[in-house]
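So the protein lines, in turn, are chains A and B. Here the first sequence is numbered in the working numbering, starting from 1 and rising by one per residue. Here the second sequence is numbered in the working numbering, starting from 325 and rising by one per residue. The beta carbon of each residue, even a glycine, is placed where N, CA and C say it ideally should be.
Number of protein chains: 2
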Amino acid sequence: MSHTIKIFSPATVANVACGFDILGFALEAPGDIISVSITDKSGLSIRNEIKGMNMPLDPDKNTTTVAIQAYLEYLTVNALTYASAELSSMLSGKKGVEVVFHEKIKPGSGVGSSSASAAAGVFGLNELFGKPLNKLELVQFAMQGERAACGSAHADNVAPAILGGFVLVRSYTPLDIVTIPYPDDLCVAIIHPQIEVRTEDARKVLRKEIKLKDAIQQWGNIAGLIAGLMKGDYALIGRSLQDVIIEPIRSMLIPGYDEVKLAAMEAGALGCSISGSGPSMFALCQDRATAEKVSKVLAKTFDEMGIESHVYVSGINAEGVRVA
Amino acid sequence: MSHTIKIFSPATVANVACGFDILGFALEAPGDIISVSITDKSGLSIRNEIKGMNMPLDPDKNTTTVAIQAYLEYLTVNALTYASAELSSMLSGKKGVEVVFHEKIKPGSGVGSSSASAAAGVFGLNELFGKPLNKLELVQFAMQGERAACGSAHADNVAPAILGGFVLVRSYTPLDIVTIPYPDDLCVAIIHPQIEVRTEDARKVLRKEIKLKDAIQQWGNIAGLIAGLMKGDYALIGRSLQDVIIEPIRSMLIPGYDEVKLAAMEAGALGCSISGSGPSMFALCQDRATAEKVSKVLAKTFDEMGIESHVYVSGINAEGVRVA
Chain A
1 MSHTIKIFSP ATVANVACGF DILGFALEAP GDIISVSITD KSGLSIRNEI
51 KGMNMPLDPD KNTTTVAIQA YLEYLTVNAL TYASAELSSM LSGKKGVEVV
101 FHEKIKPGSG VGSSSASAAA GVFGLNELFG KPLNKLELVQ FAMQGERAAC
151 GSAHADNVAP AILGGFVLVR SYTPLDIVTI PYPDDLCVAI IHPQIEVRTE
201 DARKVLRKEI KLKDAIQQWG NIAGLIAGLM KGDYALIGRS LQDVIIEPIR
251 SMLIPGYDEV KLAAMEAGAL GCSISGSGPS MFALCQDRAT AEKVSKVLAK
301 TFDEMGIESH VYVSGINAEG VRVA
Chain B
325 MSHTIKIFSP ATVANVACGF DILGFALEAP GDIISVSITD KSGLSIRNEI
375 KGMNMPLDPD KNTTTVAIQA YLEYLTVNAL TYASAELSSM LSGKKGVEVV
425 FHEKIKPGSG VGSSSASAAA GVFGLNELFG KPLNKLELVQ FAMQGERAAC
475 GSAHADNVAP AILGGFVLVR SYTPLDIVTI PYPDDLCVAI IHPQIEVRTE
525 DARKVLRKEI KLKDAIQQWG NIAGLIAGLM KGDYALIGRS LQDVIIEPIR
575 SMLIPGYDEV KLAAMEAGAL GCSISGSGPS MFALCQDRAT AEKVSKVLAK
625 TFDEMGIESH VYVSGINAEG VRVA
């Protein structure tokens, strides 16, 4: 006997210009589609059904199973509170978990591929267990998957992947996750130039010390962005989508960055910056029509520079990870 | 013939823990009470009716008249738009402006004394002129008064003094002022220990470079504070009222700072930090009853250390500078 659940887990845009390490939002698409099963075989196992995509099949190295392990450890330590027959049979080695990958966001694109997988794993198993934990509580385990993927347990992708919408990570110690209301019409154009930027490398180029005057500008902008989102003030959102600290450094890793950004702004985007650690770029727009227009301009600009790219348009995903 | 208007201009709390240089709020009391008159004598003149308080009587050095000068210069340059008989007679030397100080927030206390005076001056004259400019437009001139007072034209006191409530200065170049909704019940206890901290000195002790990881914490907190204020989420406001950059340095200028802050928190304050550049400290509270309780504890703690202090409680002033 086994039972199985199929999960959709969305791509996410982290940093959002002025919110480095603390802000992200979820996309309607693309996303991971992953099945999670409780099986009669003990331990964790992974099956990859996606042609042409490699991934670690060692449960200690795959973000999904690392996150699931962290989740299971928590339930075990708190077994008095979360006792269940299924957990017991899993701990005694009578049952196990199998994860099957059906569709996967391309890794290294900068839209939270590893986060989506980690979120899918813990959300799926938590559903199979009868939801002993709520979505907010799942964030900490998905973060452990992130750590396996990129060496640091940041939450600005996993939190929106799980909760949907715009999510603020106010603090990491203790973890403090805040959902931010936003206008429904907001839409985003994403472009993924076919170049490689590794998250670890994108972190290494950053300076450990920054100018106080730059930091002041940055916290003015993040404060303005939060106010703009909550007020539904598109002009304020646009004025606030500026990053004077990270973008000037990381954008050097993306050829043609300035031209593409300028083209997005001229086509009507509220703002344009690097998605996560790149190389994808996002252009936030007031509505879908603008985002469609911007997406064409983005693709054209990279195309004219001879850089192959993949472009798409998405609304903001209000729900986050869900049963598919 | 002369005509006169009497103005009340409120004290303000700038920085608000995590919003260094970008956030402030206005108090119901104390405030400046200043009369502004259009007189038959050319130029600007100042009369001080407050016993025991000295202030510069040179119009080039008094924040109120410096702000008024900036306002008049703007109207002059834009005279085609703002033409009026009164402005013309002032420019031709037939009329002038007299400012009379009736009540004044104690300078150097850290609750925006110079800002209140600057705001009162430009607001008063703008009223007498029939409101050619709106309140938002007046902020830039009051900032010039600030520059005269402390050497830098910051806006996180003058903007809330003029507009009331919580005000975000998202950007200085260009100036971008954003009002932030907040819960009505919010109340604040302020304590002014009788020690001197000059704004210029408080600026000098700051480091020009800060750690990126500290800046990330700070922008997480300012984002959380804005979200907390707009959601009316008192717990989030409380968790966000943390300053990991400025307070650790500036608090050393205030003897007993840590004890007083701890006492405020134990008495139920949402957060407690330095008001502006100090030495006043503010403790934001969920309601007036808590603020009253906190104020007593603040006073007691300084008293036990042998430091004389002046303590008061105020709601948030939603209106800002107004006709008295």
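- Neighbours of residue 215 of chain A across chain B, judged by C-beta separation under 9 Å: 344, 534, 536, 538, 539, 542, 543 and 569.
- Ranked by Cα distance from residue 577 of chain B, the options B:601, B:593 and B:414 are led by B:601.
- Residue 150 of chain A: member of the alpha helix (DSSP H) spanning 135-150, first to last residue.
- Within the model, the alpha-carbon separation for residue 442 of chain B versus residue 380 of chain B is close to 13 Å.
- Here residue 69 of chain A is buried: its Cβ has 16 or more other Cβ atoms, across all protein chains shown, within 10 Å.
- Scanning the region 540-621 of chain B for uninterrupted beta strand (DSSP E) segments of 3 residues or longer gives 595-598 and 605-609, listed from N- to C-terminal end.
- Put simply, of B:464, B:558, B:422 and B:500 the residue whose alpha carbon is nearest the alpha carbon of residue 364 of chain B is B:422.
- At a cut-off of 7 Å between beta-carbon atoms, residue 17 of chain A makes no contact with chain B.
- From the listed residues A:270, A:83 and A:134, the smallest Cα separation to residue 322 of chain A is found for A:134.
- Under the Cβ criterion of 7 Å, residue 241 of chain A is not counted among the residues facing chain B.
- The region 494-507 of chain B makes no contact with the region 583-596 of chain B, as fewer than three CB pairs between them are under 8 Å.
- Between residue 166 of chain A and residue 229 of chain A, the gap from beta carbon to beta carbon is short of 7 Å.
- Taking the Cα positions, residue 339 of chain B is about 14 Å away from residue 495 of chain B.
- As the crow flies, the alpha-carbon of residue 635 of chain B is around 21 Å from that of residue 332 of chain B.
- For residue 548 of chain B, the nearest CB of chain A lies under 7 Å from its own CB, placing it at the interface with that chain.
- Rounded to the nearest whole angstrom, the C-alpha separation of residue 549 of chain B and residue 223 of chain A is 8 Å.
- Looking at the backbone, the Cα of residue 244 of chain A and that of residue 18 of chain A are separated by about 8 Å.
- About 5 Å separates the beta carbons of residue 301 of chain A and residue 260 of chain A, which is inside the 8 Å limit, making them a contact pair.
- Contacts with chain B at 7 Å (Cβ-Cβ) do not include residue 149 of chain A.
- Approximately 7 Å separates the beta-carbon atoms of residue 220 of chain A and residue 493 of chain B; this is inside 8 Å, confirming the contact.
- Listed along the chain, the chain A residues whose CB falls inside 7 Å of the CB of residue 560 of chain B are 178.
- About 6 Å separates the beta carbon of residue 631 of chain B from that of residue 579 of chain B, a gap short enough to meet the 8 Å contact definition.
- Using beta-carbon distances, residue 168 of chain A counts as an interface residue toward chain B, with a partner under 7 Å.
- At a beta-carbon threshold of 8 Å, none of the residues of chain B lie near residue 269 of chain A; the nearest stands roughly 19 Å away.
- C-alpha of residue 396 of chain B to C-alpha of residue 346 of chain B: approximately 26 Å in a straight line.
- Counting along the chain, residue 484 of chain B sits inside the alpha helix (DSSP H) bounded by residues 482-487.
- Against chain A, the CB of residue 551 of chain B has a partner CB under 7 Å away; the residue lies at that interface.
- Per the coordinates, the alpha-carbon of residue 157 of chain A lies some 13 Å from the alpha-carbon of residue 108 of chain A.
- Taking every protein chain shown into account, the CB of residue 518 of chain B has fewer than 16 other CB atoms within 10 angstroms, so this residue is exposed.
- As DSSP reads the structure, residue 371 of chain B sits in a beta bridge with B:424.
- Boundaries around residue 390 of chain B are those of the alpha helix (DSSP H), 387-401, since no beta strand (DSSP E) includes it.
- In the structure shown, residue 509 of chain B adopts coil according to DSSP, grouped into three states.
- Taken through DSSP and simplified to helix, strand or coil, residue 410 of chain B comes out as helix.
- Annotation: residue 265 of chain A has no Cβ neighbours in chain B at a cutoff of 7 Å; minimum Cβ distance is about 16 Å.
- Going by C-alpha positions, residue 468 of chain B is about 22 Å away from residue 427 of chain B.
- Judged by beta-carbon spacing, residue 101 of chain A lies beyond the 7 Å limit of residue 54 of chain A, meaning their Cβ atoms are not closer than that value.
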